[in-house]
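These notes concern the structure reproduced below.
Below is the structure:
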């Protein structure tokens, strides 16, 4: 495979004439006239003042000029000169990333003397964007209220973007896994698809880049420039700072402790969460840049260190934990006793260690002005991070070994060459290499034990099942080149963007065995029978048992790794046509072709079996390298020729990547290298605490199948959608307005099926058991079709074209000359999908795709990213004062209000017998149906619902059948969605958690002074996140940390009976994010 990869790289280097997927520069263009006539041969000179970098162009036969490949930012001085005309000069021009500023002008005739006409100010209002996009400068980044100092905090100003607490970003209602994130043109999003925030280092809690090094960020949702691709969600493109002719830099530090974080917020079950007794966070660094050779060679370097610790609040008996402390203690004692009796060293200590996140970032960038027509850039950066994960939650007490440090190191190397080959031809070439090394650093080898429903949560010990053998190496190469030809009023672009990947993934779930008990009583029953020597082999004490191992006779290695190579090649052509002075049309065609170099291992018995079933799949089937075409067209119409009323938009196809972990599943699960056992029928199985003794249980499960097979449709295609955008930018009464409409229709998205189960043709018409009441919408039943074969589950990945998103937004901005800037926006979103792809594992993507009809053909429903309403507003006030204006004060306020995360209600149990425990949507019964339901007694735990129904102080040893009926009736009758949908199934993500309001504040006081003739400054800042919670402990709460949450209010019993486990889980708050947080900062700039 490596030889083929090298051959392809060499071939691309030879054949490439153009390539540019993500844009790293800016440009200027315009038309030069004099007395209504086109000026031919006028010289346009643009000088980047800080570095002395010069760019030149000459107007063509139509009086037009274009300069591309220019440094982002500024200020620039641009002059237009022609013999016999007054020279016209634009000063303090600032260029936006990825945009071409229109600097058209009319020269005045003056034959007596040459004079200069100077225009001061930025040309930003003339940017020539056609689609929905937002550009953010380093000043905006610095003034943003932030504690994480991350991309999501800055990018949230885009109206189409919704962010979750864990940093995940959803653009216009699409999955965060379908985004693209580039830094200086190199892919820095997690292309394998494991990090919630979508960036390299995200699993270790690290930001992919120091925000102090960012010059500009561009956020794109619907760019109709065919050069931009690799996403069907949104694209974030960041450019780092460069050196100049003046030595400059900064030293900075930001930090807080437990005194700058909220002490209280209300718990859903009553009372308040405790104050953090220990918490610390700091972020400190240095940047330094300057000339190596004046006007010629420059450098910029940085180093940043981040350290964050906060206490683990979810400890035994703590106020924040919903787990019953007495029962949890009993579980720990009994497991310790079992370990002693089995002669095994098994850890039963709970995690109490402080949660930490640590990272180090560094980088060096060189810019070389080779001559006026060639400019080169080279950059290296590193991010090394570690974070303690899985230490516990409100509903989980986790053992000290169950938590694990996650370690991640990312190195990036980029080289770029900008060339002007002739007055009408320019070229950009770029190559990059990104090296990512991630691993879960576990502490020992122990089976996983989970005891659920211990009061209001679970107790989890041993090693978490997905961490037992988990490491990932990624090597990502990018080759790009972009050729631009300016001819008349046309700008032609021919390009290619090529990404090549190599993945090595160690991932063996349940290597030491995983045991799940349904509740405390089931575990207690097992322990008592074990001690008494009366274990009943016909009784299922366990709810689930899982075990996986490498077949060493095949692999030769018990820690076998899946490895494969892939590529995504892109070629495109485009014409940007200035039809007239006020109308621009852009149209082009892009072709993306995914390639998988290596075939998974052939499993001939399975392949033969699949052929007899007519499934048309094989384990060794490679994806076909099918070209995916993306035609696009965009326009921009300056209606009155004055940039006050601009209508823009377009239509086009966007092709993205998919997380390569979904492809990796097929290499790990051929049924040859790994054997896996997953059984809910656990009678006769023992709780074996020795990780090397699991074969004793596995041998009893041979008949149920030991092979989990992952296959994909041969013609499976990467994600694609058809996107339409219409925008209107206008200025009325000095207010800049933007109205935006985006509609995206799914062309290719994911569909998972389990071929081992098929519908029987029967329906579960009596949803509540044999004595229950039939309902109109019967739930189809499934049956396993692979009994008697070694194939336990067969997960197939294919495509669906079902799904769409609609996004409407309106934004208003106003600048006042006395230093006040105001902004407000409203966004409405509807997002519909078949599968959200929320997991990295095929089993979970199928199993947790909640449905009520057919888990192999799921219905279209709301997506996990459907956040219908979003409001945001900002107010910034900047003022300078003092005799020399040496004092500057900045005050900023940002408001974010939005619908809560979508949520789903489901049964805990397998209602439709499709082999999946917990993917069946909840049926909302009427009061009459509740009266006919049968409930088994369950543990009592006081909460807000029991207090609402039975009053404060009520307690009972158990929740009786009648008590559960009362609780369910009250809960349904007081829920705004369910009370209007009784007698129906709960639709997937049909409702959203409570609306959230958050206010963030930024204060900064700067003092500027000269040192050696150069301006220096010292700035003190204070940021407060969620300031509402500071003003009132009952304000500013947030629910959950990610998109798409789910709750199981009812346990489904095999005897057709139920247990109502609670209904107010949707009121649970995120602990850390529901508190106000403050941070002090000090920055010295020189």
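In mature numbering (1 follows the signal peptide of the UniProt record, and there is no 0), the protein residues as written are -21 to -1, 1 to 1065.
For each residue, glycine too, the CB sits at the ideal point set by N, CA and C.
It should be emphasised that the depicted structure is a prediction, and the values quoted were computed from it without experimental measurement.
Distance between beta carbons of residue j and residue i, contact taken as under 8 Å
| i | j | result |
| --- | --- | --- |
| residue 403 | residue 466 | 6 Å |
| residue 688 | residue 650 | 5 Å |
| residue 690 | residue 820 | At roughly 15 Å, the Cβ-Cβ gap does not stay under 8 Å, so residue 690 and residue 820 are not in contact. |
| residue 393 | residue 767 | Their Cβ separation, rounded to whole angstroms, is 56 Å, which puts residue 393 and residue 767 out of contact at 8 Å. |
| residue 658 | residue 631 | The pair is not a contact, with the Cβ atoms about 49 Å apart (cut-off 8 Å). |
| residue 197 | residue 111 | That pair is no contact at about 11 Å. |
| residue 175 | residue 187 | Not really, about 13 Å apart at Cβ, beyond 8 Å. |
Residue i versus the options, residue with shortest Cα-Cα distance
| i | options | result |
| --- | --- | --- |
| residue 836 | 761, 600 and 550 | 761 |
| residue 661 | 515, 418 and 613 | 515 |
| residue 57 | 846, 1040, 129 and 34 | 34 |
| residue 669 | 314, 183 and 1054 | 314 |
| residue 970 | 979, 846 and 902 | 846 |
| residue 43 | 13, 676 and 583 | 13 |
| residue 582 | 567, 598 and 572 | 598 |
| residue 407 | 399, 331 and 330 | 399 |
| residue 479 | 574, 212, 987 and 503 | 574 |
| residue 905 | 871, 921, 964 and 894 | 964 |
| residue 801 | 713, 564 and 497 | 713 |
| residue 415 | 395, 386 and 428 | 386 |
Residue i (DSSP reduced to helix, strand or coil)
| i | result |
| --- | --- |
| residue 496 | strand |
| residue 996 | strand |
| residue 167 | coil |
| residue 364 | strand |
| residue 95 | Confidence at residue 95 is low in this model, with a pLDDT of 46, below 50, so the placement of that residue should be treated as unreliable; the coordinate-derived value is given next. The answer is strand: DSSP assigns residue 95 an E or B state. |
| residue 189 | coil |
| residue 825 | helix |
| residue 926 | helix |
| residue 330 | coil |
| residue 1051 | helix |
| residue 293 | coil |
| residue 950 | helix |
| residue 541 | strand |
| residue 1061 | strand |
| residue 534 | helix |
| residue 756 | At residue 756 the pLDDT is 44, less than 50, meaning the model places this residue with poor confidence; the figure from the coordinates comes in the next sentence. Three-state result, residue 756: coil. |
| residue 301 | coil |
| residue 103 | Low per-residue confidence applies at residue 103: pLDDT is 41, beneath 50, and the placement is therefore not dependable enough to give any value. |
| residue 747 | Confidence at residue 747 is low in this model, with a pLDDT of 49, below 50, so the placement of that residue should be treated as unreliable; the coordinate-derived value is given next. The answer is coil: DSSP assigns residue 747 none of H, G, I, E or B. |
| residue 763 | strand |
| residue 641 | helix |
| residue 76 | coil |
| residue 560 | coil |
| residue 238 | helix |
| residue 514 | coil |
| residue 1056 | strand |
Beta-carbon proximity of residue i to residue j, cut-off 9 Å
| i | j | result |
| --- | --- | --- |
| residue 490 | residue 505 | no |
| residue 828 | residue 815 | yes |
| residue 1037 | residue 1027 | no |
| residue 877 | residue 141 | yes |
| residue 813 | residue 900 | no |
| residue 221 | residue 30 | yes |
| residue 700 | residue 211 | yes |
| residue 76 | residue 4 | yes |
| residue 638 | residue 171 | yes |
| residue 115 | residue 851 | no |
Those residues which DSSP pairs with residue i across a bridge
| i | result |
| --- | --- |
| residue 528 | 654 |
| residue 794 | 800 |
| residue 148 | 142 |
| residue 433 | 436 |
| residue 916 | Residue 916 pairs with nothing; no bridge assigned. |
| residue 156 | Note: residue 156 sits in no beta bridge, so no partner. |
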